[in-house]
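*Asks:* All residue numbers for the sequence shown refer to our numbering, where the first residue is 385 and numbers rise by one.
The C-beta atom is built at its ideal place from N, Cα and C for all residues, glycine as well.
Bear in mind the structure is a predicted one, so any value in this text is a computation, not a measurement.
One structure is given below, represented as structure tokens, and several questions about it will come after.
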Amino acid sequence: MLSDRVRVQTIVTNILSNAIKYMDLQKQNPFIKIATQITEEVCDIRVEDNGIGISPAYQEKIFDLFFRATDQAQGTGLSLFIVKDTIDRLKGV
Numbered sequence: 385m386l387s388d389r390v391r392v393q394t395i396v397t398n399i400l401s402n403a404i405k406y407m408d409l410q411k412q413n414p415f416i417k418i419a420t421q422i423t424e425e426v427c428d429i430r431v432e433d434n435g436i437g438i439s440p441a442y443q444e445k446i447f448d449l450f451f452r453a454t455d456q457a458q459g460t461g462l463s464l465f466i467v468k469d470t471i472d473r474l475k476g477v
């Protein structure tokens, strides 16, 4: 399987950056888990965390340009937009 290494790196970097930025340090065991499964046809990357979460009211908007669901950390509201755009360019889901 071949892909665009820079684009995959962009996706992973932005997702991990958000997971770190929005960690819930009040929780006893904050975590970020990364799991991958790679075949000849698919590279499945899953990231799970127990951070502050995103309110259901905002979940449909999280990939919108400049959208920020919280003021807890400073940011431009670009990272998830970039992630979605990059995944679309790679024809991923």
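Would Val426 be called buried (16 or more neighbouring beta carbons within 10 Å of its own) or exposed?
*Replies:* Exposed, by the Cβ-count rule.
*Asks:* Since Gln421 sits in a beta bridge, which residues does DSSP pair it with?
*Replies:* Paired residue(s): Asp428.
*Asks:* Would you call the segment 431-449 and the segment 394-406 touching, i.e. three or more CB-CB distances under 8 Å?
*Replies:* Yes, the segment 431-449 touches the segment 394-406.
*Asks:* Please state the DSSP three-state secondary structure of Asp469.
*Replies:* Looking at Asp469 - three-state DSSP - the assignment turns out to be helix.
*Asks:* Indicate whether Asn413 and Ser463 have their beta-carbon atoms separated by less than 8 Å.
*Replies:* No, they are not a contact pair.
*Asks:* Is Ile395 near Val477, with beta carbons less than 8 Å apart?
*Replies:* Taking 8 Å as the Cβ cut-off, Ile395 and Val477 do not qualify as a contacting pair.
*Asks:* Helix, strand or coil for Ile404 per DSSP?
*Replies:* Note: Ile404 maps to helix in three-state DSSP.
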